[in-house]
Amino acid sequence: MHKAKIASLIGIGMAATSLITAPSASAATNGAEAISCETWQSGNTGYAKCTGLWPFIDRFRVKVTCIDSHGTQAVIKGSTKQNGETSSATCPGAPNAGIYKLGYEHWRI
269 MHKAKIASLI GIGMAATSLI TAPSASAATN GAEAISCETW QSGNTGYAKC
319 TGLWPFIDRF RVKVTCIDSH GTQAVIKGST KQNGETSSAT CPGAPNAGIY
369 KLGYEHWRI
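Residues in the sequence shown are numbered consecutively from 269, following our numbering.
Printed below as a string of structure tokens:
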């Protein structure tokens, strides 16, 4: 009888623990899925805009890899922005340089 009570208490404790941790795991997944970032370019300038970010916590910026006529690459990063804002960076040396890769960096502070 004593062993049955202990097993029952352990089972209840495990069930309670799973109920406590499950919502935080799903909230983290839902938050990550809500973030949406797009990039585009116009001439030698690259742009990034992100939405669904947490105010005052999430930040992002555009990351442009430039290439010149000699094949030399350089990474230029735009200014740090928050939700709904647009970050931009321009490749120097036009017209002899252009955008090779275009992306963005996202982080939480």
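Just so you know, even glycine gets a beta-carbon here, dropped at the ideal spot from N, CA and C.
| Check | Outcome |
| --- | --- |
| Buried versus exposed call for ARG327 [16 or more other C-beta atoms within 10 Å across all chains shown] | buried |
| C-beta contact flag for ARG329 and GLY346 at 8 Å | yes |
| Opening and closing residue of the beta strand (DSSP E) in which PHE328 lies | 326-336 |
| Where ALA362 falls: helix, strand or coil (DSSP) | coil |
| Closest residue to GLY314 among THR340, PRO323, LEU321, THR333 (Cα-Cα distance) | THR333 |
| Rounded C-alpha distance that separates THR354 from HIS338 | 30 Å |
| Per DSSP, cross-strand counterpart(s) of GLY352 | Answer is none; GLY352 lacks a bridge partner. |
| Option nearest ASN364 by Cα separation, candidates LYS331, ILE344, ILE335 | ILE335 |
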